[in-house]
Structure formats: C-alpha cells, structure tokens
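A.B. asks: Dumping the structure here so I can ask a few things about it.
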C-alpha cells in the first residue's frame, strides 16, 4: 500500500484551486507515474495528495481562434501523440510524447506532470523550450502566464508557488507557424528508458537558409536549455552540412553537462554535438531547406 | 508484498467498478493500488506483480479498454470504470484469438508476462486499426519478458493483428 494519508479528488479546477489554497500540505498528483513511485520509495512530504484525475477540463487540447494551441496540463502523452492538432502543427512534440516511457505509462502520465516534476530528462521539456511554450498557472489569487524557461529552478525544482496549479501549456501561432522540427531522444533502450540526452529542433527556412532556428536540449545542464549562440549563428545562414556541424559545436558551448551513472560529461558533450547536428539537418530537410547530395 | 509502506491510518472510500463484466461495490483504502484490490480483494490473480514501479508491465489491465499498469494506479481511480483482467478474455471457455495466437506461436514460456501482453495485444486488436511492424514493437514495448527474446510474442501479435 502507498503511504497516503489524504486523497482529495476535486471535480473542477475551481474546487482544486480552493483546496490547494486551504491546505498548503497538499501535493498534486495527476497520472501518478512519478508521484506514486516517489511515495513507494518513501518520499517525504508526499502523503497528502490532491488528485487531478477528475478535473476533466484540464485534459483538453484545443486550437484557439488566434492560433494558440492550448494543451491541458493533464493531457496524457498517448493523447498528445494521437491528437490531430498536435500532429498537424507540433509534430516534434508528438515525436517527443511517444518517446516517453512505454504505452501503459503514456496512457496515464501527463504532460503537466512531466514539467512540474522538474526532471531535466523530461521528454516534453526540450521540445517545449524550442517551441517557446508558455505555462498558464492558476491560484486562488488569479492566473499568471510565464515562459517555460523561467519555470525550471534546478534539478527536480520548479517555480510553482504554494497554492498554484499548472493548468495549461500554450504554444502561440508565431512559435510554430511555418516551422519544421525534429526530436531525438538518446537512451540505452528504445522504450521505458530515461533520456541520456534529448535534442529538439524547430526551424524555419527560406531560400535554402535558416530564417529561424531554435534548439532545446535536455540533460545537457541542470535544467533544460536553449542554445543562443548556435541559434544566432544559424540565423540567415545557408543550410549546409558544414553549417550544421558548426551549430552542433556551438550547442556544446551552451551546455553544462555532467557525469552521471548514465553517461560521462565527455560522452554527453559528444552526444550534444552529433545529435544537434543530426536533428538540425533533419528539421531543415523536413522544412524543404536541405537535400542530401 | 513489495508495496510495504504501511504508515498512516486507513481512510476508506466507496469504490464501484466493473471487472470482467461483473459489477462490484465496496469500500477501499485510499492507499490501495488497483493491483492490490484486483489480486487481494477480488482474487484476480492473473494480474501479476512484477517490478511494482510501472516498468515491467506484468500488472497490466485494461481500464475502459486502455492498458494501464495497475501497480501505479490508485484503486479509487477505477471508480465508475470497467476493468478487464486476463480472466475476462476467454469467452465461454474458449480462448480468444489473441490467446490462441500466443499458444500457436509458442509465445509463452514461464507465463508471468503473458497476461499483460495478451491484454495489451487485445487492446490493439479492439482498436480496429492496423499496425506496422515498428508500431507493434512500440505498442508492446511496455512489457518485459525474460524468457522468449520477444520474437515469438511479436509473431503472435502480428499474426492476430494483421491477419
């Protein structure tokens, strides 16, 4: 049995926010694929839970009239992978979603949990960084919307205030319109594994040159990162294999990889260089900006 | 039992669910997993506990037709839902097409992973979709099998899904 002393199961966002406000000891559980394991391993401070499973309004994926894609925080990964809006407009997020865990885990694990867990290896994070995604946070006082890169505070830590709930991930039209992308997850196994490194690339091309390139990296630093120098180098540059190699090298400069039991720092830096180059080349190819000789 | 955290006090809540077509209604402890309830309360021992952390897939059951790891799924989350275990797969004493394919292809050795794999394959079959080879491998990737090397399991699934 799990060491749970309280299990609140509100049926609306309003009720959930009120309960969180009233009891600061409550921790949020959504799909449970991380939280229940944390409890299983004796995690302190996780015995009083507020479950979001009955808050159905948080599960929807919608396309607003202004073109903003709204992904409900409790949308499970399997739903994200199959969703027609995501597949049409954010295909690299679909790639990331299906790389996470295995089918049974994807059926329940939520994208909001993946973010709030704060894991640098979270498969959705690097793509959402590359997409300049925004997070909608709700508390009894009101809502605030922040860029995702301001949310990560450190390994396993995020800037979620007491009483606050992540309700949605927003991707504005300007972030995805006319883009192509590619996500590469590097792990020891093809399924049920944590990323050794994750690279997600979003690009726009024009006349064979990068108009815009955005690179998100997971497990390359204590939090997911973007690669500003590599992105600036690419802007306006003709798409060639040599340029992509240079972009890979510059991506390493943005990283602060470390040695863990999964991989050494040197190996991770090698992965960053090689996989960034590959992901950029693939994204550019998909965008019609590059054809292999 | 591996789930040996017993701290805290029992808080009971009502649970109404259907298992293999039969309705049940009783009080469960908020600390119980769906696996605990299915095995220990209802004696559906075809549901296996392997890793207890959602990695091996031995405890897979279908909740409203969707495969989930019952070891990391609170029993209360199944309230109002329809659960299928391996005991609910045969019809009138006859093996289902999925079960028959596993037998025909020799996809079973020790059998511990088999209930979960049969249920995941059944969910794929019930979806009515067709699957590429890569998709079959991906959709069965949440199950660990230490005996077969997976090829015969794949063969069984492919046979029944793409017949």
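Residue numbers (the working numbering), protein chains in the order written: chain A, 10 to 302; chain B, 3 to 165.
All C-beta atoms in this analysis are idealised placements derived from N, C-alpha and C, irrespective of residue type, glycine included.
Do three or more CB pairs link the stretch 67-79 of chain A to the stretch 91-110 of chain A at distances below 8 Å?
C.D. replies: At 8 Å Cβ cutoff, the stretches touch.
A.B. asks: In this structure, how does DSSP classify residue 6/B when only helix, strand and coil are distinguished?
C.D. replies: Looking up residue 6/B in the second chain gives position 4. Because the pLDDT at residue 6/B is just 44, under 50, the model does not fix this residue reliably, and the point stays unresolved.
A.B. asks: For residue 6/B, which residues from the same chain have a beta carbon less than 8 Å from its beta carbon, with the 5 sequence-adjacent residues on both sides left out?
C.D. replies: On the second chain, residue 6/B is found 4 positions in, with the first residue counted as 1. Low confidence applies to residue 6/B: its pLDDT is 44, below 50, so where it sits in the model is not reliable, and the reading given next is rough at best. There are no such residues.
A.B. asks: Find the residues of chain B that neighbour residue 199/A, judging by a C-beta separation of less than 9 Å, and give them in chain order.
C.D. replies: For the purposes of this step, residue 199/A is identified with residue 190 of the first chain, where counting begins at 1. What residue 199/A touches in chain B: 139, 140 and 143.
A.B. asks: DSSP state of residue 155/B, grouped into three classes?
C.D. replies: Within the second chain, the letter at position 153 stands for residue 155/B. Three-state result, residue 155/B: helix.
A.B. asks: Run through DSSP, which three-state label would residue 192/A get?
C.D. replies: The residue given as residue 192/A occupies position 183 in the first chain. Three-state result, residue 192/A: strand.
A.B. asks: Would residue 45/A pass as an interface residue toward chain B - the criterion being a Cβ-Cβ separation below 7 Å?
C.D. replies: As a working note, residue 45/A is residue 36 in the first chain. With 7 Å as the cut-off, residue 45/A counts as an interface residue toward chain B.
A.B. asks: Within the 7 Å Cβ cut-off, does residue 68/B reach chain A?
C.D. replies: Start at 1 with the first residue of the second chain, and residue 68/B comes out as number 66. For residue 68/B, the answer is yes, since a Cβ of chain A falls inside 7 Å of its Cβ.
A.B. asks: Just to confirm the assignment: which complete beta strand (DSSP E) runs, minimum length 3, are found wholly within the stretch 17-54 of chain A?
C.D. replies: You should have 36-38.
A.B. asks: Assess, as a yes-or-no matter, whether the stretch 277-294 of chain A is touched by the stretch 226-238 of chain A under the definition of 3 or more beta carbon pairs within less than 8 Å.
C.D. replies: Touching, per the Cβ criterion.
A.B. asks: Could you name the residues of chain B that residue 62/A contacts, counting a contact when the two beta carbons are closer than 8 Å?
C.D. replies: What you label residue 62/A is simply residue 53 of the first chain in a count that begins at 1. Within chain B, the residues near residue 62/A are 79.
A.B. asks: Could you tell me which residues DSSP pairs with residue 156/A in its beta bridges?
C.D. replies: Here the question's residue 156/A lines up with position 147 in the first chain. Paired residues: 143/A.
A.B. asks: To the nearest angstrom, how far is the alpha carbon of residue 25/B from that of residue 80/B?
C.D. replies: Along the second chain, one-based indexing puts residue 25/B at 23. Along the second chain, one-based indexing puts residue 80/B at 78. Computed Cα separation, rounded: 12 Å.
A.B. asks: Name the chain B residues that come within less than 8 Å of residue 114/A, Cβ to Cβ?
C.D. replies: For the purposes of this step, residue 114/A is taken as the residue at position 105 of the first chain. The contacting residues are 56, 71 and 144.
A.B. asks: Would you mind stating whether residue 60/B and residue 67/B have Cβ atoms separated by less than 7 Å?
C.D. replies: On the second chain, residue 60/B is found 58 positions in, with the first residue counted as 1. On the second chain, residue 67/B is found 65 positions in, with the first residue counted as 1. Their beta carbons are not under 7 Å apart, which means residue 60/B does not touch residue 67/B by this criterion.
A.B. asks: What does the alpha-carbon distance come out to for the pair residue 265/A and residue 119/B?
C.D. replies: Sequence index remark: in the first chain, residue 265/A carries index 256 (1-based). Sequence index remark: in the second chain, residue 119/B carries index 117 (1-based). Computed Cα separation, rounded: 41 Å.
A.B. asks: For residue 31/B, go through chain A and note every residue whose CB falls closer than 8 Å to its CB, in chain order.
C.D. replies: For the purposes of this step, residue 31/B is taken as residue 29 along the second chain, with counting starting at 1. The answer, in chain order, is 10.
A.B. asks: Residue 74/B CB to nearest chain A CB: under 7 Å?
C.D. replies: By 1-based counting over the second chain, the position of residue 74/B is 72. Output row for residue 74/B: interface = yes.
A.B. asks: Any Cβ of chain B within less than 7 Å of the Cβ of residue 13/A?
C.D. replies: Taking the first chain and counting its residues from 1, one reaches residue 13/A at position 4. So, interface residue.
A.B. asks: Decide if residue 165/B is buried, meaning its Cβ has at least 16 other Cβ atoms within 10 Å, or exposed.
C.D. replies: For the purposes of this step, residue 165/B is taken as the residue at position 163 of the second chain. With fewer than 16 Cβ atoms within 10 Å of its Cβ, residue 165/B is classed as exposed.
A.B. asks: Keeping to the same chain, check which residues put their C-beta closer than 6 Å to that of residue 180/A; ignore five residues upstream and five downstream.
C.D. replies: As a first step, residue 180/A must be located in the first chain, where it is residue number 171. 78, 140 and 142, listed in sequence order.
A.B. asks: Between residue 18/B and residue 82/B, which are expected to be in contact by the criterion C-beta below 8 Å, what is the C-beta distance as a whole number of angstroms?
C.D. replies: Here residue 18/B refers to the residue found at position 16 of the second chain. Here residue 82/B refers to the residue found at position 80 of the second chain. The pair is a contact, with the Cβ atoms about 6 Å apart (cut-off 8 Å).
A.B. asks: Bridge partners of residue 223/A, per DSSP?
C.D. replies: Within the first chain, the letter at position 214 stands for residue 223/A. Looking at the DSSP assignment, residue 223/A forms a beta bridge with 211/A.
A.B. asks: Going by beta carbon distance, what residues of the same chain come within less than 6 Å of residue 161/B, once the five residues before and after it are set aside?
C.D. replies: Translated into positions along the second chain, residue 161/B becomes position 159. Result list for residue 161/B: 103, in chain order.
A.B. asks: Let me confirm a value: residue 184/A is counted as buried when at least 16 other C-beta atoms fall within 10 Å, else exposed. Which label applies?
C.D. replies: Numbered from its first residue, the first chain carries residue 184/A at position 175. By the 10 Å Cβ count, residue 184/A comes out buried.
A.B. asks: Checking contacts by CB at 7 Å: is residue 20/B closer than that to chain A?
C.D. replies: Locating residue 20/B in the second chain gives position 18, counting from the first residue. No - not a single Cβ of chain A is within 7 Å of the one on residue 20/B.
A.B. asks: My understanding is that residue 16/A touches residue 32/B, with C-beta atoms under 8 Å, so please give their C-beta distance in whole angstroms.
C.D. replies: By one-based count along the first chain, residue 16/A stands at place 7. By one-based count along the second chain, residue 32/B stands at place 30. At roughly 4 Å, the Cβ-Cβ gap stays under 8 Å, so residue 16/A and residue 32/B are in contact.
A.B. asks: Given a threshold of 16 other Cβ atoms within 10 Å of its Cβ, counted over all protein chains shown, does residue 187/A qualify as buried or as exposed?
C.D. replies: Counting from 1 along the first chain, the entry for residue 187/A is found at position 178. Its Cβ having fewer than 16 others within 10 Å, residue 187/A is exposed.
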